Amino acid sequence: MTQFNYASSPSETFGIDQIVEAVEEDIVLGRLNPKERLVEEDLIERFNCKRHAVRQALFHLETIGLVERIKNRGAFVKAYTPDEVEQLYAMRELLEIAGARSIPLPAPNDMLNALIAVQEQHSDAVNQQDLHRVFRLNIAFHRTLFSATGNSYLSDCINEFAQKAHAIRFMAISDAASLQRACDEHFAMIDAIQKQDRERLCQLCKDHLSPSKERYLSLARLRAPSR
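Going by UniProt numbering, the first residue of the sequence shown is number 1, and it counts up by one from there.
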């Protein structure tokens, strides 16, 4: 796939946070694939920045679980083993169900209105197949949802493990049917909150995690050498 061009002009210089955001998006949208090498010289040219900025960005991407650096070989997009995927998603399920159980019902009107507003934008992005907006608004939806727990430690953990899964989610976000399903599930979560149906909300949060995990595991099985 063609990479998104983040530089508006050859003279524009990008900071570390912008480099991290751009590479993160490339991974999620499938422009960079698992095990693909991230060449420092290419990133320096792309973002018109110094080597130290690229290295700091790669270090941060490694810290959040999107990149792995191998001694004497360089930095690569993180490739998860099936066991790692299962463990990561087990943690996500525990955290997100705990989050769903902590959201006050009835929900405050300002939280509910903010959630609806974000999801309407997300739905529009899905209809327009604007993957950049889909990705960013999906993050905004879930952060708005789980910020309602009132427990910043819990919501921060949910966000952290969701970010670690970005290297796994790339297949789901590149498929139109998967995007529409995610959109429909978001609206179903809002409906469950409005109807104060906590058990349905918890089940929706759990089921929402499965498609990306199963797609990644299916691909891993196809790539595994036959015995």
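The beta-carbon is built from N, C-alpha and C at its ideal position, and this holds for glycine as well.
Quick caveat: nothing in here was measured; it's all calculated off a predicted structure.
By alpha-carbon distance to residue 105, the top candidate from 214, 200, 222 is 200.
Counting along the chain, the unbroken beta strand (DSSP E) around residue 70 starts and ends at 67-70. Rounded to the nearest whole angstrom, the C-alpha separation of residue 184 and residue 59 is 36 angstroms. For residue 77, the enclosing beta strand (DSSP E) covers residues 74-77. Counting C-beta pairs closer than 8 angstroms gives three or more between the region 94-110 and the region 178-196, which meets the contact rule.
When Cβ pairs closer than 8 angstroms are counted between the two stretches, the region 197-212 is seen not to touch the region 109-117, the count staying below three. In this structure, the beta-carbon distance from residue 142 to residue 66 does not fall below 7 angstroms.
For the options 74, 212, 88, 71, the alpha carbon positioned closest to that of residue 178 is the one of 212. Counting of Cβ neighbours within 10 angstroms places residue 155 among the buried residues, the total reaching 16 or more. If you check the CB distance, residue 216 and residue 85 come in under 7 angstroms. Per DSSP, the beta bridge partners of residue 38 are 75. Assignment of residue 14 by DSSP, reduced to helix, strand and coil, places it in the coil class. Of the residues 46, 31, 152, 188, the one whose Cα lies closest to the Cα of residue 132 is 31. Only residues of its own chain outside the window of five on either side were considered, and among them 76, 77 have a CB closer than 7 angstroms to the CB of residue 36, listed in chain order.
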